[in-house]
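2 protein chains.
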Amino acid sequence: MKTLKIIKIGGNIIDNEAALQQFLSDFSTITTPKILVHGGGKLATKLAQQMQVDVKMVDGRRITDQETLDIITMVYAGKINKNIVAQLQANNCNAIGFSGADGNTIVSDLRPSKPIDYGFAGDVKKVNTETLEILLNNEITPVFCAITHDKNGQLLNTNADTIASELAIGFASKYNTELYYCFEKNGVLKNVNNDHSVIENINTESYKTLVENKVIFEGMLPKLNNCFHAINHQVQKVCIGKSDMLFDKNIKHTTITK
Amino acid sequence: MKTLKIIKIGGNIIDNEAALQQFLSDFSTITTPKILVHGGGKLATKLAQQMQVDVKMVDGRRITDQETLDIITMVYAGKINKNIVAQLQANNCNAIGFSGADGNTIVSDLRPSKPIDYGFAGDVKKVNTETLEILLNNEITPVFCAITHDKNGQLLNTNADTIASELAIGFASKYNTELYYCFEKNGVLKNVNNDHSVIENINTESYKTLVENKVIFEGMLPKLNNCFHAINHQVQKVCIGKSDMLFDKNIKHTTITK
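Read top to bottom, the protein sequences are chains A and B. Here this note's numbering is used: the first residue of the first sequence is 995, the next is one more, and so on. Here this note's numbering is used: the first residue of the second sequence is 995, the next is one more, and so on.
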């Protein structure tokens, strides 16, 4: 089977123009089929403030009312996605931007309004890979923003980490699928304040212990749940770390195994 | 040769939610390969006002500084394009949203800064149809917003009518290509105040006379120049009128011929 790399980048790259340019230049050198998934960074919050729309967060997750949905659609699918695509094209990487509505690639259910009403937030129900496979077979690179749809005309705000893991799972029977979560740290750290304290391997058993001992907590919990969800659904390889791990094998990072 | 319909819609449909829904439902019933091109309507101007960014126009054309480029990228490629795609999917039309950067489909040159500096405005240089052909062959419908790129990482604001005619020309050797400009009137009118005074056929010769007699003027001039540009470059059929002309053969409209 061919290898497919699914790479998710977040705010530390998106919000830093020089870092983004360097990353996209490096990303373009990857010769295997690949899919890029990007988060939104701070731009959506900045635009909301500029438009005097209140930003409502519960447990670190955005409450997506209609105005907020419009803002994230404009920022994620518009400004960020199209600028990434244009820069990839400049690096001779033939990219096409996607939301989950495009090609009906990712269908979500509206998240139940209880216990917390997150508004137009979507939980992924189904990934349709057919169209994406056609593109990958033609050396085209899909670039996903964190928006899906319900197949009834409604766009939905969806967590970018989840989109990456669900895409990886969707392709796992067709490709040797590798999932990379790039973020600001070298990986999962034993000591959150020491970037050299990378835990190089976490499996289901050691994960339990790390959670019990509160070494892994807060924002890292959903990220790692996405990792284990992927590795338990046929995804071959799941890694967390700085994006450098993709381009230099000597860079320490965390690998998730069963 | 198979028929390809390239259909451009403007503000009268984009800015009216009910009209847009009806159009997209009708559009989805078209069984030939098809491409939709949409303008931006009034939303970009509205957002600019909300963000307190000045809107600068010269001769009806927007001056696109960096802030304005960000706004149109957000509104055209984000909000409008993704909502159209989601609604087409709800109508079982498998659409994918495009700017000219996506798939490197439309490459433009930055418009010369003299006599008027329009900022980040692009004049179409080349249409690459390969990726779009793959999609059309797989019953996927591309939906274009009015943004292109220079292949060096720069997005450019580009006239939607021009995008439609250049796409039509790009496909003219591969498909029996038909180009439809949908707008708020029944076609080119003898008397601009009488929607029943449709001129049903205009050719190169009668066009000259109509321009000399100032029957055709202002905003209609560039639209008709796009029409003749297309018809003089192998496009098989060019029509202007209300979008109803697509779905009802008895609806009067203007057809452009050599």
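Glycine is no exception: its CB is placed at the ideal position from the N, C-alpha and C atoms.
Going by DSSP, name the residue or residues bridged to residue i.
i, result
"B/R1055", "B/V1052"
"B/F1092", "B/F1138"
"B/C1233", "B/Y1174, B/T1249"
"B/V1113", "Checking the displayed sequence, the identity of residue 1113 of chain B turns out to be Gly instead of Val. DSSP output for B/G1113 lists B/T1058 as bridge partner(s)."
"B/V1101", "B/K1120, B/H1143"
"A/N1195", "A/T1249"
"A/K1002", "A/V1031, A/Y1175"
"B/T997", "B/N1170"
Please confirm whether residue i has its beta-carbon closer than 8 Å to some beta-carbon of chain A.
i, result
"B/G1164", "no"
"B/N1132", "yes"
Closer than 7 Å: is that where the CB of residue i sits relative to any heavy atom of the ligand NAP?
i, result
"A/A1115", "Judged by which ligands are present, the structure shown has none, so any question about the ligand NAP falls away."
If we cut at 8 Å on Cβ distances, does residue i have a partner in chain C?
i, result
"B/S1022", "Within the model displayed, chain C is absent; protein chains A and B are what it includes."
Just list the beta strand (DSSP E) runs in the region 1015-1084 of chain B, keeping only unbroken ones of 3 residues or longer that don't cross its boundaries, in chain order. 1028-1032
Which residues of the region 1023-1048 of chain A have a Cβ closer than 7 Å to any Cβ of chain B? Give them in chain order. Q1044, M1045
In chain order, what residues of the region 1134-1151 of chain B put their CB closer than 8 Å to some CB of chain A? I1134, I1141, H1143, K1145, N1146, G1147, Q1148, L1149
So if I threshold CB-CB distances at 8 Å, which residues from the region 1079-1111 of chain B count as touching chain A? V1079, A1080, Q1081, Q1083, A1084, N1088, A1089, I1090, G1091, F1092, S1093, A1095, D1096, G1097, N1098
Would you list, in chain order, the members of the region 1062-1079 of chain A that have their beta-carbon closer than 8 Å to a beta-carbon of chain B? D1064, T1067, M1068, V1069, Y1070, A1071, G1072, K1073, N1075, K1076, N1077, V1079
Give, in chain order, every residue of the region 1118-1130 of chain B whose Cβ lies closer than 7 Å to some Cβ of chain A. T1125, I1128
Minimum length 3: unbroken beta strand (DSSP E) runs contained in the region 1142-1190 of chain A: 1149-1151, 1170-1176
I want to know whether the region 1126-1140 of chain A touches the region 1180-1192 of chain A - three or more CB-CB distances under 8 Å. no
Is the region 1000-1010 of chain B close to the region 1173-1180 of chain B, with three or more CB pairs under 8 Å? yes
Mind the definition here: the region 1018-1032 of chain A touches the region 1194-1202 of chain A only if three or more C-beta pairs lie below 8 Å; say whether that holds. no
Hey, is the region 1140-1159 of chain B in contact with the region 1075-1088 of chain A, meaning 3+ C-beta pairs nearer than 8 Å? yes
Pairs of beta-carbons, one from the region 1153-1171 of chain B and one from the region 1090-1097 of chain A, closer than 8 Å: are there three or more? no
Validate contact between the region 1197-1211 of chain A and the region 1009-1017 of chain B using beta carbons, cut 8 Å, 3 pairs: no
Spell out a yes or no on whether the region 1212-1230 of chain A and the region 1030-1040 of chain A are touching, meaning 3 or more CB-CB pairs, one atom from each, closer than 8 Å. no
Count the C-beta pairs between the region 1046-1064 of chain A and the region 1107-1117 of chain B that are closer than 8 Å, then say yes if the count reaches three, no if not. no
Does the region 1227-1237 of chain A come within contact of the region 1134-1145 of chain B, defined as at least 3 CB pairs closer than 8 Å? no
Three-pair Cβ contact test at 8 Å for the region 1028-1036 of chain B versus the region 1239-1247 of chain A: no
Assess, as a yes-or-no matter, whether the region 1064-1075 of chain A is touched by the region 1053-1070 of chain B under the definition of 3 or more beta carbon pairs within less than 8 Å. yes
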